[in-house]
Amino acid sequence: MSTILPLTGNESGAEVMRQIAPDVVAAYPITPQTELMHRFADYVADGKVPTELILVESEHSAMSACVGASAAGARVMTATSSQGMALMWEILYIAAALRLPIVMPLVNRSLSAPINIHCDHSDSMGARDTGWLQLYCENCQEIYDTGIQAMKIAENKDVLLPVMVCYDGFILSHTVERVELLEDHEVKGFIGEHIADHPLLDVDNPVTYGPLDLQDFYFEHKRQEAEAMRNAKPVVLQVAEEYEVLSGRKYGLFEEYFSKDAEYIMVCLGSAAGTAKAAVDELRAAGENVGLLKLRVFRPFPAEELVAALADAKRIAVMDRADGVNSIGGPVFSEIRAALYGRSSAKISNYIYGLGGRDIDIEMMKSVFQDMKDGKYAEEAFYLGVRE
Amino acid sequence: MPEKGWKELPIGGKILDAGNSIEYETGSWRTFRPVVDKKKCINCLRCWLLCPDSSIFVEDEKVMGYDYAYCKGCGICAEMCPVDAIEMVLETEKDTVEADERGIKVVQEEDPETG
Ligand code: SF4
Ligand code: SF4
Chain A
1 MSTILPLTGN
11 ESGAEVMRQI
21 APDVVAAYPI
31 TPQTELMHRF
41 ADYVADGKVP
51 TELILVESEH
61 SAMSACVGAS
71 AAGARVMTAT
81 SSQGMALMWE
91 ILYIAAALRL
101 PIVMPLVNRS
111 LSAPINIHCD
121 HSDSMGARDT
131 GWLQLYCENC
141 QEIYDTGIQA
151 MKIAENKDVL
161 LPVMVCYDGF
171 ILSHTVERVE
181 LLEDHEVKGF
191 IGEHIADHPL
201 LDVDNPVTYG
211 PLDLQDFYFE
221 HKRQEAEAMR
231 NAKPVVLQVA
241 EEYEVLSGRK
251 YGLFEEYFSK
261 DAEYIMVCLG
271 SAAGTAKAAV
281 DELRAAGENV
291 GLLKLRVFRP
301 FPAEELVAAL
311 ADAKRIAVMD
321 RADGVNSIGG
331 PVFSEIRAAL
341 YGRSSAKISN
351 YIYGLGGRDI
361 DIEMMKSVFQ
371 DMKDGKYAEE
381 AFYLGVRE
Chain B
389 MPEKGWKELP
399 IGGKILDAGN
409 SIEYETGSWR
419 TFRPVVDKKK
429 CINCLRCWLL
439 CPDSSIFVED
449 EKVMGYDYAY
459 CKGCGICAEM
469 CPVDAIEMVL
479 ETEKDTVEAD
489 ERGIKVVQEE
499 DPETG
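Same order as they appear, the protein sequences are chains A and B.
Residue 311 in the working numbering sits at position 311 of the first sequence, and the numbers go up by one each step.
Numbers in the working numbering are just positions in the second sequence, counted from 1, shifted up by 388.
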């Protein structure tokens with residue numbers, strides 16, 4: 001049995017948290033995440049979840065409290081956006097390196113300056129090498145499904161890394177969509193009991209967390225972390241398979257939307273993938289050989305699988321909702337091009353779009369496919385939707 | 389301490405056994421090693437009291453030498469010695485002293501005449 005509700009993205013995120021019912025949540029409000037935590041705080045206040053909700057004075061403290069609670073053995077969640085995540089920065093690395101399976105919805109919002117509360121991916125993309133897994137969502141249903149799966153992926157013994165569930169601020173966080181929910185007991189059964197790895201509160205087996213780790217051991221510990229990220233790939237797929245059995249909804253590392261036989265493939269992540277699908281539908285109806293590859297899992301980066309999926313493309317356009325400000329291209333583009341190096345003859349172009357919440361519509365998506373067909377190419381990124 | 393590879397070590401930099409600092413030989417950090425001149429030493433034991441690694445070996449209330457497996461060469465002992473009896477010698481200068489059966493290098497045996 002499932003319940004169908006009209007929910008915003010943030011409400012979907014709050015449902016995830018209610019059903020997971022973490023032992024500890026430490027959070028600080030920031031637009032556009034605020035509504036999620038507001039809703040979850042209501043659940044706590046109404047006694048609907050037994051979570052210990054710690055209201056802290058900053059995101060640095062929020063992530064620090066999460067680290068402490070997770071090390072103590074608790075199942076832990078938080079959520080943030082933009083500047084909030086920027087303030088968590090040093091603790092993001094610590095959470096990952098201490099191998100703490102914290103799950104955090106990251107409601108994507110552009111970074112200051114100039115100050116802006118709307119969506120782009122500069123916050124999460126900046127944190128792409130912190131050791132967190134990053135899963136991107138296209139719609140409110142995916143926010144719900146991904147949030148539930150994230151907990152199980154994070155706590156897998158071969159992974160034990162924190163997971164960011166990234167979804168677009170306002171575009172998804174404040175948009176009502178139809179969301180199909182699992183029953184509470186189904187979610188509980190799916191994620192199972194949290195059995196922490198050597199928790200601090202196991203006083204019969206005392207352990208030390210976070211000791212000084214010098215030239216003789218630090219490297220080995222980073223090597224372990226790298227391995228955990230590699231292990232995460234099959235675990236993401238395994239959890240997706242189990243989730244499909246439970247929910248009937250299928251997930252993978254990425255979604256191939258008419259891209260298998262397409263000559264012209266766009267690679268995109270987040271809510272813009274929905275717009276791209278509409279563009280693909282229209283162009284396919286007009287007989288064009290176009291497709292979309294919607295990246296879901298950005299960390300771990302599914303290089304091998306992407307190479308296989310993009311092998312036959314004639315042209316590839318990679319969409320980035322974050323500018324690396326590095327004169328070489330956006331983060332998704334750089335990594336896809338690196339993965340394809342020497343393994344594809346397709347020309348790969350880069351489009352920076354939607355910064356600061358700038359709208360992207362079907363016509364703009366179609367123009368990217370048109371560019372590919374016209375052979376329009378430049379070494380530098382194209383800026384889509386900016387005023388010249 | 390036998391240095392395990394990344395597959396054997398506990399994950400996340402955790403230390404799983406309490407009281408294990410004995411296994412970590414801070415002596416590998418040392419650039420200068422303390423050497424005591426027993427003729428100058430008045431056995432006030434100030435060095436023994438202040439050594440952060442409990443690496444000064446004392447017997448019968450007399451300084452006998454250093455446990456170089458743990459002495460990290462910080463030089464506190466030399467700095468605090470009231471009679472300047474301790475010299476910090478660069479590690480590139482060969483250490484000719486053999487460790488004894490306790491694993492301790494008694495750098496300079498007590499002088500039979502003055503001791
Ligand atoms: S501080 Fe100097 S004099 Fe005192 S016991 Fe140590 S070496 Fe000897
Ligand atoms: S150099 Fe430092 S560690 Fe070594 S014996 Fe002296 S005080 Fe102790």
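Glycine included, each C-beta is placed from N, C-alpha and C at the ideal position.
Enclosing alpha helix (DSSP H) for residue i [first to last residue]
| i | result |
| --- | --- |
| A:Tyr257 | Where A:Tyr257 is concerned, there is no enclosing alpha helix (DSSP H), although the beta strand (DSSP E) it sits in stretches over Phe254 to Tyr257. |
| B:Ile444 | First-last for B:Ile444: Ile444 to Glu447, but that is the beta strand (DSSP E), not the alpha helix (DSSP H). |
| A:Asn231 | Tyr218 to Ser247 |
| B:Asn431 | Unbroken run through B:Asn431: none, as it is neither H nor E. |
| A:Asn10 | Gly9 to Ile20 |
| A:Phe190 | Asp184 to Ile191 |
| A:Phe369 | Ile362 to Asp374 |
| A:Tyr353 | No alpha helix (DSSP H) holds A:Tyr353; the beta strand (DSSP E) holding it covers Lys347 to Tyr353. |
| A:Ala339 | Pro331 to Leu340 |
| A:Glu304 | Ala303 to Leu310 |
| A:Val280 | Ala272 to Ala285 |
| A:Glu155 | Cys140 to Glu155 |
| B:Gly415 | Premise fails: B:Gly415 is in no alpha helix (DSSP H) and is neither H nor E. |
| A:Gly84 | Ser82 to Ala97 |
Exposure of residue i, with buried meaning 16 or more beta-carbon neighbours within 10 Å
| i | result |
| --- | --- |
| A:Pro331 | buried |
| B:Asp499 | In this predicted model, B:Asp499 has a pLDDT of only 49, less than 50, meaning its place in the structure is not dependable; the value taken from the coordinates is given anyway. Exposed: under 16 other Cβ atoms inside 10 Å. |
| B:Glu396 | exposed |
| A:Leu253 | buried |
| B:Thr502 | Residue confidence is low: B:Thr502 scores 47 on pLDDT, short of 50, so the model does not pin down where it sits. Its coordinate-derived value is still stated next. By the 10 Å Cβ count, B:Thr502 comes out exposed. |
| A:Glu11 | buried |
| A:Ala95 | buried |
| A:Asn205 | exposed |
| A:Lys294 | buried |
| A:Leu384 | buried |
| A:Lys149 | As written in the sequence, residue 149 of chain A is Gln, which differs from the Lys given in the question. Per the 10 Å Cβ criterion, buried. |
| A:Lys366 | buried |
| B:Ile474 | buried |
| A:Lys277 | buried |
| B:Asn408 | exposed |
For residue i, the residue or residues it bridges with in DSSP
| i | result |
| --- | --- |
| B:Pro422 | B:Met476 |
| A:Pro105 | A:Val165 |
| A:Tyr43 | DSSP lists no partner for A:Tyr43. |
| A:Gly291 | A:Ile265 |
| A:Leu384 | A:Tyr353 |
| A:Asp197 | Partner(s): none; A:Asp197 has no beta bridge. |
| A:Val76 | A:Val24 |
| B:Gly453 | B:Phe445 |
| A:Thr208 | B:Ile403 |
| A:Glu52 | A:Val24 |
| A:Arg296 | DSSP lists no partner for A:Arg296. |
Where the beta strand (DSSP E) containing residue i begins and where it ends
| i | result |
| --- | --- |
| B:Ser409 | Run containing B:Ser409: none; DSSP gives neither H nor E here. |
| A:Val25 | Val24 to Ala27 |
| A:Cys268 | Tyr264 to Cys268 |
| A:Val179 | Glu177 to Leu181 |
| A:Ile316 | Arg315 to Asp320 |
Chain B contact for residue i (CB, 9 Å cutoff)
| i | result |
| --- | --- |
| A:Gly210 | yes |
| A:Leu98 | yes |
| A:Gln224 | yes |
| A:Glu392 | As displayed, chain A neither begins before 1 nor continues past 388, which places residue 392 of chain A out of reach and without an answer. |
| A:Leu92 | no |
| A:Glu389 | No answer is possible for residue 389 of chain A: it lies beyond the span of chain A, which begins at 1 and ends at 388. |
| A:Asp129 | no |
| A:Asp216 | yes |
| A:Asp46 | no |
| A:Asp213 | yes |
Below-9 Å beta-carbon distance, residue i vs any chain A residue
| i | result |
| --- | --- |
| B:Pro440 | no |
| B:Asp499 | With a pLDDT of 49 at B:Asp499, under the threshold of 50, the predicted position of this residue should be treated as unreliable, and no value is reported. |
| B:Leu437 | no |
| B:Lys482 | no |
| B:Glu489 | no |
Chain E within 9 Å of residue i, Cβ atoms only
| i | result |
| --- | --- |
| B:Glu486 | In summary, chain E is missing from the structure at hand, where the protein chains are A and B. |
| Along the segment 460–480 of chain B, what residues have a CB closer than 7 Å to any CB found in chain A? | Listed by position along the chain: nothing, the set is empty.
| said: Give me the subset of the segment 400–433 of chain B whose CB atoms are less than 7 Å from a CB atom of chain A, sorted by chain position. | reply: Along the segment 400–433 of chain B, the positions whose C-beta sits under 7 Å from a C-beta of chain A are Gly400, Gly401, Lys402, Ile403, Leu404 and Ala406, read in chain order.
| field | Residues, ordered as in the chain, of the segment 256–272 of chain A that lie near chain B by beta-carbon distance below 8 Å | value | Residues passing the 8 Å Cβ filter: none.
| field | Residues in the segment 178–210 of chain A having any Cβ partner in chain B nearer than 9 Å | value | Taking 9 Å as the Cβ-Cβ cut-off against chain B, the residues of the segment 178–210 of chain A that qualify are Asp197, His198, Asn205, Pro206, Val207, Thr208, Tyr209 and Gly210.
| field | Residues from the segment 156–174 of chain A in contact with chain B, defined by Cβ distance under 9 Å | value | If the cut-off is 9 Å between Cβ atoms, the segment 156–174 of chain A has Leu160 near chain B.
| said: What are the residues in the segment 442–453 of chain B lying within 7 Å of chain A by C-beta distance? | reply: Residues: none.
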